[in-house]
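Each remark here refers to the structure printed beneath this line.
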Amino acid sequence: MRFRAHLAAVFAVCLAAPAAAGVTLTDPTGDDDGPGTYTYPTAAEYKPGSFDFTAVEIEDKGDKIQIKLRMKVKVTDPWKSRDWPVRGNGFSLQMGFLFVDKDHKAGSGHTEGLPGLNIAFADDAAWEKVVIISPQANTRLKSEINQKAKSLKADIVLPSRVKVSGKKIIATVSKADLGAPAAGWGYQLVLQSNEGYPDKSDLLTRKVNESGGEHRFGGGRDDDCDPHVIDMLAPPAKGGAAEIEAQHAALKSYKCGQPARLPMVYP
Ligand SMILES: [Ca+2]
Ligand SMILES: [Ca+2]
Ligand SMILES: [Ca+2]
């Protein structure tokens, strides 16, 4: 009897322990339309589903952290980023931003997004670090950050490696740069498109205009007040249909001079 009680206690401990050293955040499909109205650029390279992510996995790998973006469709490299003058990462279209709130404390961290996204975070969901997952080589990213986001530079983490495998984009970052993922951390994954010829104030992000174009998203506004976000996480990040509505609502919640405020997910 005592043995069985002991076994039960062991099971209880096992169940209470966090599942491995990783976090999986799930996102619904069919929500690659920002606030519900955004449309893809019209050039053939932007295949349906290219900006629809289905999950983000964050895994502790010792002195490294692996961030895996699962996409709805196979990740392609139509512009041959591998062959760019400065060798890229083997994909072309997507650009991801993983914002991390480490303390969920009012007044701690950055509430502004990065230039070109036109987003903000609540005071108690301010971020300490953001990881940029881009097809561009780090030399280009660093130069863009120096020009356009210098005040945030210390908290922008660039992966040591980004690779593509089927429908996945896999980024590896140093734990020394990001920190060790802990219970209580909050996350927001913002999906955009890599723009090699960005506007002078945009950090390699693609614009959303009122009417789409060959290389412009449509269904937004031309005055740059609208959030330039195609897909994002919505709490509780389990992939339910209500999360589509929550995403649309969050991305509609802006006025000029008051960017859309995005939620963090605290798994
Ligand atoms: Ca999605
Ligand atoms: Ca914070
Ligand atoms: Ca979403």
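If you number the sequence shown the way the numbering used here does, the last residue is 268 and the count never jumps.
Quick reminder that beta carbons are idealized off the backbone N, C-alpha and C, glycines included.
Model, not experiment: these values are computed from the prediction.
Segment contact, 8 Å Cβ cut-off, at least three pairs: the stretch 170-179 with the stretch 107-127: no
Top-ranked residue by Cα proximity to residue 130, from 27, 197 and 187: 187
Heavy atom of ligand 2 within 8 Å of residue 184 beta-carbon: no
Enclosing beta strand (DSSP E) for residue 166 [first to last residue]: 162-166
Exposure label - residue 195; buried when at least 16 CB within 10 Å: buried
Those runs of the alpha helix (DSSP H) which lie wholly inside the stretch 99-172 and span at least 4 residues: 139-149
Cutoff 8 Å; reference residue 266; Cβ partners in own chain excluding five residues on either side: 26, 187, 188, 189, 234, 235, 236, 237 and 238
Test item: CB-CB of residue 193 and residue 32 under 9 Å: no
Where residue 66 sits in the DSSP three-state scheme: strand
Reduced DSSP secondary structure (H/G/I, E/B, other) of residue 58: strand
Reduced DSSP category for residue 177 - H, G, I as helix; E, B as strand; rest coil: helix
Classification of residue 116 by the beta-carbon crowding that lies within 10 angstroms, buried from 16 upward: buried
Cut-off 7 Å between Cβ atoms - residues of its own chain near residue 108, not counting five sequence neighbours on either side: 124
Three CB pairs or more closer than 8 Å across the stretch 42-54 and the stretch 199-218: yes
Rounded straight-line distance, which links the Cα of residue 154 to that of residue 30: 32 Å
Status (buried if at least 16 other CB within 10 Å, exposed otherwise) for residue 208: buried
8 Å contact criterion, which residue 52 and residue 231 should meet: CB distance rounded: 4 Å
At least 3 beta-carbon pairs within less than 8 Å: the stretch 61-75 vs the stretch 155-171: yes
Nonlocal neighbours in the same chain, by C-beta distance under 7 Å from residue 20, ignoring five residues either side: Any answer about residue 20 is weak, because its pLDDT of 41 lies below 50 and its placement is not dependable; what the coordinates show is given next. Excluding residues within five positions, none has a Cβ falling inside 7 Å.
Residue interval of the alpha helix (DSSP H) (run including residue 252): 243-253
Collapsed DSSP secondary structure at residue 232 in the structure displayed: strand
Per DSSP, the bridge partner or partners of residue 195: 206
Backbone secondary structure at residue 83 - three-state DSSP: helix
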